[in-house]
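Novice: Here the numbering used here is used: the sequence shown runs in plain steps of one and ends on residue 456.
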Amino acid sequence: MKFKLTIYTFIVFGFLTCNSSNKSHYVIKTPKNKNVPYLIIKSAKEIIDSPKRKASLSIVLKDSTIFNSDIGIELRGAVSQMFYDKKSYGFELRDAKNESLAAPLLGLPKNSAWILHGPYGDKTLLRNTVAYKISNDIGRYAARTKFVELEINGEYLGFYVLMEKLKQDNDRIKITKLSKNDTIAEKITGGYILKIDKTAGNSNDQTNYSSENAFPSRYDTKGRLSKRNIIHFLYEYPKPKNISPIQQRYIQNYMAEFENALASENFKDEVKGYQNYIDVDSFIDFFILTELMQNHDGYRLSTYLQKDRGKKLQMGPIWDFDIAFGSDNGFCDGMNRHAWVFQYNQYCGGDTWLVPFWWKRLMADETFKNKLIARWKSLRVTQLSDNQLDKTIDDFSKQITESGMVARNFERWDILDERITPNSTKGSHEKEIVRMKSWLKTHALWIDENIGRL
């Protein structure tokens, strides 16, 4: 019932505020800062979920236009685009022939695919940026980001985060490029990117998995052979239209062999066990990042896996931390406190998307668990120390506050006194930053005290 009420709140709030998006209903009094990258997008047609609309992009900095390009642009986000007035966008740089064009943006490595993330329910404006920075700090690639402001068709839309779209690339997810012709034994082993997630966008049915876009796990959430198909692995790279049947069979068989090994009585065995199929260190770091920031979507949604040529299965990169950092996500009361996210199924067993059996099973292996504890303790005196976590948040907060980006954003989107999921409080941006820092310290201490009892 709580979830239904939360969705109802989304709908009512959206209805009450949608008229405020008219340009005549707001005035931005805080002066524009010419040192903040200002993105101007012009589109002749309304931007929708799919297909991408043709548009143009200009980036203005210090009163000069530093970049121009044609683009294809679309809405993104499964929930946010339905219930939030402020939308997020995905766009592709294009040349004069309307073909993909790779280029660097604001100092980020060149690529054609980019995302404009518009934080709305997240009143800190920083959850994703902080999460990705922490991941990169511990040596695990996550999307790099830049703070910008956005205008579309003459309408000022406030604060946005320009970020890299996760994809196969030497500067992003560094796995071997795989073509349809790579089917011989020494090439077919990689690279692949899989995703555990909803199928996409604002469709009313976000569970329309098919043999074309995904394949199911053979196991239920308790590690029992099942045909209920609760967990699905989406083909992220190569895309469904590009992956060959023999490549599909390879990655399906690899995942099946991994899960068979993990579910078996001999799962700890050095010869027959799960260690032969996964990069254990990547699983440990993914666990630490998900649990430290308590990402309720972790493991079960927006979850990437990669299998490079000749290498084992890796977890990551992390993605989508909008409802992390102790936010009230509106799902299950049991998760609105300090708790292990990998135990999500205990609290939210009726959810459509649940956590694979992997993590509970891994905790039954003392070797894995001891390695996890040692990694956590090591990081807590370095990159994940209280002081370093505070510094990461403070540095970002100072940057967007002193530049006026925060003030201008909340003049445009006057929501600070509104209760909007996933925030549990009303009040200022500063109050949300203080709460974020305090919660993160308290939760890290909770992990310190409880990780030995996993």
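All C-beta atoms in this analysis are idealised placements derived from N, C-alpha and C, irrespective of residue type, glycine included.
1) Which residues bound the beta strand (DSSP E) around Asn-113?
2) Please state if the CB of Leu-418 and the CB of His-431 are separated by a distance shorter than 8 Å.
3) Considering only residues of the segment 140-183, which uninterrupted beta strand (DSSP E) runs meet the minimum length of 3 residues and lie entirely inside it, listed in chain order?
4) DSSP state of Val-294, grouped into three classes?
5) Give, in chain order, every unbroken run of the alpha helix (DSSP H) that is at least 4 residues long and sits entirely within the segment 347-424.
6) By how many angstroms is the C-alpha of Val-343 removed from the C-alpha of Asn-452?
7) Looking only at its chain, what residues have a beta carbon closer than 7 Å to the beta carbon of Asn-244, apart from the 5 residues adjacent to it on each side?
8) Buried or exposed: which applies to Gly-123, given that a residue is buried once 16 or more other Cβ atoms fall within 10 Å of its Cβ?
9) Could you tell me which residues DSSP pairs with Arg-230 in its beta bridges?
10) Bridge partners of Trp-1, per DSSP?
11) Any chance the segment 371-380 sits against the segment 110-117, with 3 or more Cβ pairs inside 8 Å?
12) Using the C-alpha atoms, what's the distance from Thr-384 back to Tyr-279?
13) Going straight from the alpha carbon of Asn-204 to that of Asp-271, what length do you get?
14) For the beta strand (DSSP E) containing Glu-76, list its first residue and its last residue.
15) Can you tell me where the alpha helix (DSSP H) holding Ser-440 begins and where it ends?
16) Beta-carbon separation of Ile-457 and Lys-439 under 8 Å?
17) Taking the alpha-carbon positions, what's the Val-62 to Phe-69 distance?
18) If you draw a straight line from the C-alpha of Leu-164 to the C-alpha of Phe-149, how long is it?
19) For Glu-214, is the classification buried or exposed, using 16 other Cβ atoms within 10 angstroms of its Cβ as the cut-off for buried?
20) Whole angstroms is fine: what's the gap from Ser-60's alpha carbon to Phe-288's?
21) Compute the Euclidean distance between the alpha carbons of Tyr-252 and Pro-358, then round it to the nearest angstrom.
22) On the DSSP bridge assignment, give the partners of Pro-218 in chain order.
23) Tell me which same chain residues have a C-beta within less than 7 Å of the C-beta of Thr-131, skipping the five on either side of it?
24) Of all the options Gly-141, Pro-33, Cys-334 and Leu-168, which has the alpha carbon lying nearest to the alpha carbon of Leu-386?
25) For the beta strand (DSSP E) holding Ala-105, just list the boundary residues, first then last.
26) Measure from the alpha carbon of Asn-37 to the alpha carbon of each residue in Glu-153, Leu-315, Met-407 and Leu-391, then state which is nearest.
27) Please determine, among Ile-73, Val-436, Gly-312 and Lys-314, the residue with the shortest C-alpha to C-alpha distance to Gly-328.
28) Using a 10 Å radius around the Cβ and a threshold of 16 neighbouring Cβ atoms, would you call Asn-372 buried or exposed?
29) Pick out whichever of Gly-193, Ser-66, Glu-434 and Ala-341 has its Cα sitting closest to the Cα of Ile-449.
30) Using C-beta distances below 8 Å, list every residue in its chain close to Trp-415, excluding the 5 sequence neighbours before and after it, in chain order.
31) State the beta-bridge partners of Lys-56 as determined by DSSP.
32) Whose C-beta lies closer than 6 Å to the C-beta of Gln-277 among residues of the same chain, with five residues either side of it excluded?
33) Would Ser-219 pass as a contact of Ile-233 if the rule is Cβ separation under 8 Å?
34) Exposed or buried, Tyr-411, counting other C-beta atoms within 10 Å across all chains shown (16 or more means buried)?
35) Looking only at its own chain, which residues have a Cβ that is under 7 Å from the Cβ of Asp-1, when we skip the five neighbours before and after it?
Specialist: Quick answer:
1) Unbroken beta strand (DSSP E) run through Asn-113: 110-113.
2) yes
3) 147-154 and 157-166
4) Per the sequence shown, the amino acid found at residue 294 is Leu instead of Val. Three-state DSSP puts Leu-294 in a helix.
5) Taken in chain order, the complete alpha helix (DSSP H) segments of 4 or more residues contained in the segment 347-424 are 360-364, 368-382, 388-404 and 407-414.
6) The straight-line gap from Cα to Cα measures roughly 13 Å.
7) Lys-182
8) buried
9) None, per the DSSP bridge assignment.
10) The requested residue 1 is not part of the displayed model; the chain covers only 3 to 456.
11) no
12) 30 Å
13) Residue placement at Asn-204 cannot be trusted, given a pLDDT of 48 that sits under 50; the coordinates are not used to answer.
14) Residues 66-78.
15) 431-452
16) Because residue 457 is not part of the residues shown, which for the chain are 3 to 456, the question remains open.
17) Within the model, the alpha-carbon separation for Val-62 versus Phe-69 is close to 7 Å.
18) 6 Å
19) Exposed, by the Cβ-count rule.
20) Rounded to whole angstroms, Ser-60 to Phe-288 spans 36 Å at the Cα level.
21) 21 Å
22) His-234.
23) Thr-147, Val-163 and Phe-398
24) Residue Gly-141 is the option with its Cα nearest to Leu-386.
25) 105-107
26) With distances taken between Cα atoms, Asn-37 lies closest to Met-407.
27) Val-436
28) That one is exposed.
29) Ala-341
30) Asp-87, Lys-88, Tyr-122 and Gly-160
31) Gly-74
32) none
33) yes
34) A small correction: the amino acid at residue 411 is Asn; Tyr does not occupy that position in the sequence shown. Buried is the label assigned to Asn-411, since at least 16 other Cβ atoms lie within 10 Å of its Cβ.
35) Residue 1 cannot be examined here, being either before or after the span of the chain that is shown, 3 to 456.
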